[in-house]
Amino acid sequence: MMTGLAIENAEAITLDSKTNSYDGPRGLFKIVVDEFDGKVIRSWHIEDTYGEKSRNLGDAQCGSLDTVVGEVGLYLGGHVMTNVYHQALDNLN
Amino acid sequence: MEKRGLLHIVLSVVFLLAFTLPGNAEENAHYKLPSPDASFVAPEEMPELLAPKLLPNRHGIERGITEGFMIRQSSIEDGKIRIPPGGLIYFTFGGEGFSNLNGEPLIIAGKEAIWLGKKEAMAIKKDFIVAQGKRPVPLCEEGTIALANTFSMEGFLNVRSAAFQFVFANGYRTWDLSVVIPSGYARSRNAIAYGYLQGEGMITPPPLQFFGDPFDASATFFVVVDSVTPQGIKIKEAGALDMIWFKTSYDKPIVANDVAAGQTLQAGKYRVKVLSVDPELGTVGINLLDSKGNVLAEKTLGPLTLDIYRNQKHILEHSTIIRPTLSLDYENIRVQINTKFDMPFGPGPMKLMNEAGDFVPVSQMNEVSSFYGGKVDLLIYEDVRKMELRNPWSEDTRFILQTAYI
Chain A
1 MMTGLAIENA
11 EAITLDSKTN
21 SYDGPRGLFK
31 IVVDEFDGKV
41 IRSWHIEDTY
51 GEKSRNLGDA
61 QCGSLDTVVG
71 EVGLYLGGHV
81 MTNVYHQALD
91 NLN
Chain B
1 MEKRGLLHIV
11 LSVVFLLAFT
21 LPGNAEENAH
31 YKLPSPDASF
41 VAPEEMPELL
51 APKLLPNRHG
61 IERGITEGFM
71 IRQSSIEDGK
81 IRIPPGGLIY
91 FTFGGEGFSN
101 LNGEPLIIAG
111 KEAIWLGKKE
121 AMAIKKDFIV
131 AQGKRPVPLC
141 EEGTIALANT
151 FSMEGFLNVR
161 SAAFQFVFAN
171 GYRTWDLSVV
181 IPSGYARSRN
191 AIAYGYLQGE
201 GMITPPPLQF
211 FGDPFDASAT
221 FFVVVDSVTP
231 QGIKIKEAGA
241 LDMIWFKTSY
251 DKPIVANDVA
261 AGQTLQAGKY
271 RVKVLSVDPE
281 LGTVGINLLD
291 SKGNVLAEKT
301 LGPLTLDIYR
311 NQKHILEHST
321 IIRPTLSLDY
331 ENIRVQINTK
341 FDMPFGPGPM
351 KLMNEAGDFV
361 PVSQMNEVSS
371 FYGGKVDLLI
381 YEDVRKMELR
391 NPWSEDTRFI
401 LQTAYI
């Protein structure tokens, strides 16, 4: 039995204050870096083809674009769950 | 008891460290997960994209479909943000786990699709070392399922021990952690548990019971360990399932029910001629013709009988021998017997659809409704797409297709 399918970028993606967005597979969503000074990503967000936007995912300490978007972690086992979801809940508190 | 408790704690701490310490920085993000302080976007925040959707299969049974993505191993280098290859990874999970035959729904990057089949194979690698703290070793080409050394300990109670895990390129660590030692002088956890239940009690010397066999296997993987060396776990041979390609269609099939022998069906530039229908054997002979009437392909589909449904309910779906017998594939056209079953996802009876269109347990059926009345129910897909994993995706070549979960 196989469940699921994944689609990943073949080449490295480079973003800076000039090239500040990247389209996901077939333009389903877009990563947009709003405020980046070369060291910290103060502001970035996700947009999708349906016109939805995420909140600002960056902050004054944000040093990467690492993110889990949606419930994919449920399918990827405990490591995403414990690492990311736990931390995300802590960040909310 | 105290010693064992302490051992458990020590092992737990070591395992935790082994899991959370980053491996060596490699060019791509394969086999890794997002950083622990990654942000999280809940489905409620972008429901159109992220909320599970319900789509029906060919028989109207709805399956939940979830899309989402993650970004892993991204970093800031020289004033630029860098996402390594494989760092942006999109996932979709739909009805494909239920069947390759019933037109199960899937959404691929926002576009509704029908899951039509897949090719799986064992990725096998022989005579190699899986080192601790190093990148997992793919069993086949880059991006296939890999073995990761998750734990090594030298000289603990005079036994050099180590553990490993299978890990998918998307970062999912899967299947039992297996513990190995240099020789076969050990017992698996199951064997210890079994012996304990049989009143055997614990075997002395007790510490050795914590180490497992030098081999492990299940329906989907096997590992034979040679020894644990200071360099890492030396593996004689390891194999695990991975997917080679899958087939899908964005268009719904032509449903041609109750087709009698001698009839010809039009499908775009092709024609499908039904030569024979045998409800007893559950077979149908077909010819695929081009517009001039030349025979392009010929095949007898089936057999598809009640016996197969009754006795081989999982084999029907999973067998790479039975499954292809039910369809004729020629370039991007597929002619398939209209299978009408609802395979249980776990225990429970297989249900078949009767001629009235209701699903009933297979025990209550006395015929395969796909062959009701001496006529056959066929499906014709006109635009089947074969998608090769670990290859550029034809619909957006910036991306490659990858396994999500076997």
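Those sequence lines, one after another, are chains A and B. The numbering used here numbers the first residue of the first sequence as 1 and each following residue consecutively. The numbering used here numbers the first residue of the second sequence as 1 and each following residue consecutively. Using N, Cα and C, we set each Cβ at its ideal position, and we do this for glycine too. All figures in this text were calculated on a predicted structure; none of them were measured in a lab.
Quick one: Cα of residue i to Cα of residue j, how far?
i	j	result
Leu15 (chain A)	His45 (chain A)	13 angstroms
Pro84 (chain B)	Asp226 (chain B)	35 angstroms
Ala356 (chain B)	Glu317 (chain B)	24 angstroms
Asp329 (chain B)	Asn20 (chain A)	45 angstroms
Asp377 (chain B)	Pro105 (chain B)	20 angstroms
Ile400 (chain B)	Pro344 (chain B)	32 angstroms
Thr220 (chain B)	Thr320 (chain B)	14 angstroms
Thr229 (chain B)	Thr150 (chain B)	14 angstroms
Ile81 (chain B)	Leu88 (chain B)	13 angstroms
Pro136 (chain B)	Arg173 (chain B)	11 angstroms
Pro279 (chain B)	Asn257 (chain B)	14 angstroms
Thr397 (chain B)	Lys134 (chain B)	30 angstroms
Ala12 (chain A)	Ser43 (chain A)	21 angstroms
Lys386 (chain B)	Lys247 (chain B)	4 angstroms
Asn102 (chain B)	Ala267 (chain B)	20 angstroms
Asp290 (chain B)	Lys269 (chain B)	7 angstroms
Phe222 (chain B)	Pro392 (chain B)	30 angstroms
Can you tell me whether residue i is buried or exposed, with buried defined as 16 or more other CB within 10 angstroms of its CB?
i	result
Thr403 (chain B)	buried
Lys39 (chain A)	exposed
Val10 (chain B)	With a pLDDT of only 42 at Val10 (chain B), under the threshold of 50, the placement of this residue in the model should not be trusted, and no figure is reported.
Tyr250 (chain B)	exposed
Asn294 (chain B)	exposed
Asp358 (chain B)	exposed
Leu54 (chain B)	exposed
Pro56 (chain B)	exposed
Leu147 (chain B)	buried
Arg131 (chain A)	An answer regarding residue 131 (chain A) cannot be provided, because it is not within the stretch 1 to 93 covered by chain A.
Ala38 (chain B)	buried
Pro347 (chain B)	exposed
Glu27 (chain B)	exposed
Asp78 (chain B)	exposed
Taking Cβ-Cβ distances shorter than 9 angstroms, what residues in chain A pair up with residue i?
i	result
Thr403 (chain B)	Met2, Gly4, Leu5, Ala6
Residue j and residue i - do their beta-carbons sit closer together than 9 angstroms?
i	j	result
Tyr50 (chain A)	Met46 (chain B)	yes
Arg334 (chain B)	Pro214 (chain B)	no
Lys126 (chain B)	Lys236 (chain B)	yes
Pro34 (chain B)	Val33 (chain A)	no
Ala29 (chain B)	Met122 (chain B)	no
Leu5 (chain A)	Phe93 (chain B)	yes
Leu379 (chain B)	Asn332 (chain B)	no
Glu367 (chain B)	Leu306 (chain B)	yes
Gly361 (chain B)	Lys351 (chain B)	Here residue 361 (chain B) turns out to be Pro, not Gly, going by the sequence shown. Yes, these two residues count as a Cβ contact at 9 angstroms.
Asn100 (chain B)	Arg323 (chain B)	yes
Phe145 (chain B)	Ile7 (chain A)	According to the sequence displayed, residue 145 (chain B) carries Ile and not Phe. Their beta carbons are not under 9 angstroms apart, which means Ile145 (chain B) does not touch Ile7 (chain A) by this criterion.
Ser152 (chain B)	Ala169 (chain B)	no
Gly24 (chain A)	Phe91 (chain B)	no
Ile286 (chain B)	Leu301 (chain B)	yes
Residue i touches chain A at which residues, Cβ-Cβ below 7 angstroms?
i	result
Thr150 (chain B)	Simply none; closest approach about 11 angstroms.
Gly68 (chain B)	Val69, Gly70, Glu71, Val72
Leu289 (chain B)	None at all; the shortest Cβ gap to chain A is about 34 angstroms.
Ile145 (chain B)	Here the premise fails: no neighbours, minimum Cβ distance about 12 angstroms.
Ser35 (chain B)	Ser64, Asp66
Shorter than 9 angstroms from the beta carbon of residue i to some beta carbon of chain B?
i	result
Arg55 (chain A)	yes
Lys39 (chain A)	yes
Arg103 (chain A)	Chain A is shown only over 1 to 93; residue 103 (chain A) falls outside these bounds and no answer can be derived.
Ser64 (chain A)	yes
So, does the CB of residue i fall closer than 9 angstroms to a CB anywhere in chain A?
i	result
Thr320 (chain B)	no
Ser394 (chain B)	no
Tyr90 (chain B)	yes
Glu141 (chain B)	no
Arg135 (chain B)	no
Gly97 (chain B)	yes
Phe246 (chain B)	yes
Val41 (chain B)	yes
Arg82 (chain B)	yes
Gly348 (chain B)	no
Thr229 (chain B)	no
Gly79 (chain B)	yes
Pro214 (chain B)	no
Gly221 (chain B)	Contrary to the premise, residue 221 (chain B) reads as Phe rather than Gly in this sequence. For Phe221 (chain B), the answer is no, since every Cβ of chain A falls outside 9 angstroms of its Cβ.
Ser218 (chain B)	no
Below 7 angstroms on C-beta distance, what does residue i contact in chain B?
i	result
Asp34 (chain A)	Those do not exist, as Asp34 (chain A) stays about 12 angstroms from chain B at its closest Cβ, beyond 7 angstroms.
Name, please, each residue of chain B whose Cβ falls closer than 9 angstroms to the Cβ of residue i.
i	result
Ala60 (chain A)	In chain order: nothing, as chain B lies at least about 13 angstroms away.
Find the residues of chain A that neighbour residue i, judging by a C-beta separation of less than 8 angstroms, and give them in chain order.
i	result
Pro85 (chain B)	Glu8, Asn9, Ala10, Glu11, Ala12
Gly110 (chain B)	Arg26, Leu28, Thr49
Arg63 (chain B)	Per Cβ cutoff of 8 angstroms: no residues; Arg63 (chain B) is ~11 angstroms from chain A at best.
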